[in-house]
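Everything in the sequence shown is counted per my numbering, starting at -8 for the first residue and increasing by one. Here a beta-carbon is modelled for each residue, glycine too, at the ideal position from N, C-alpha and C. Structure record follows, encoded as structure tokens.
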Amino acid sequence: MESRTTQLPKDQLPQPRKLPVQARSKALVDAIAESCLRILDKEGEDALTVNRIAEVSGATVGSIYQYFPNKESMIAAVYERLLDQESVQLYQMRERLHGLPLHAVLRQIFANMIRVELRLHGLSPGFHARYRSALHLGLWHAPQASTQEFINTTWLPLLQIYADEVQTDQPELAAYLLGKGLREIIHNAVQDMPAQARSHAFLDALVTMALSCTQTKRGPQAAL
């Protein structure tokens, strides 16, 4: 039987030339990544050159190329660190959701998704678009092998927890629409109209759509 090798989201991003082993080299790579983040935040992607990174980090051009073969691998290192941080915050947020009504839970989840997507998009819109499937916060440190498995083990159980508020005879479809469909809407809105994606109206619309997915019943005209 052929074994299936799962490719983690992190592995789908541009990779460094080599990984640091000693504490000194790890500190150097951290300084390079933090300098890249600072440049992207304050000066923009066009300013992200090896010479500028060397100037900000204090590393030599040679030492930068020793670990990073190109610009995209440096940007990937920044995204990895951000998603590592966001994964911790996501876990903490989930802990705070216990006991809230479904509409409040959905609102906080989508608000966090919008915030993260805007942050990732703002650093490098092109990188964010090219590696959208890898930059999936929910899957970043998750054991699930696919988006569908992630949906079945996160969104579907959420609907089951709120069974008294959910009125749908197709919970699997509702979970898919919440976990896949609305994430696509958020990603595309951030790419296409970031100003509107920041608005309360956009968040309100997402929550309304999400609740409509959980309140569908097969009516008498379903067979027509």
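Is DSSP giving residue i helix, strand or coil here?
i, result
"H94", "helix"
"M184", "coil"
"Y82", "helix"
"R123", "coil"
"N179", "helix"
"G49", "coil"
Candidates the options: which alpha carbon is nearest residue i's?
i, options, result
"L81", "P92, A68, V96, G113", "V96"
"G172", "D160, L149, A186, L197", "L197"
"R85", "N103, V69, D75, Y70", "N103"
"R123", "A133, P134, H132, E108", "E108"
"R43", "S64, A125, I23, K17", "I23"
"D75", "K1, D32, T145", "K1"
Using the Cα positions of residue i and residue j, report the straight-line distance between them to the nearest angstrom.
i, j, result
"R72", "E25", "9 Å"
"A201", "A67", "32 Å"
"E34", "G170", "34 Å"
"H178", "R15", "38 Å"
"S(-6)", "S137", "Confidence at S(-6) is low in this model, with a pLDDT of 39, below 50, so the placement of that residue should be treated as unreliable; the coordinate-derived value is given next. Whole-angstrom Cα-Cα distance: 16 Å."
"G113", "R29", "13 Å"
"A133", "N143", "13 Å"
With a threshold of 16 other CB atoms inside 10 Å of the CB of residue i, please say whether the residue is buried or exposed.
i, result
"L88", "exposed"
"G129", "buried"
"V47", "buried"
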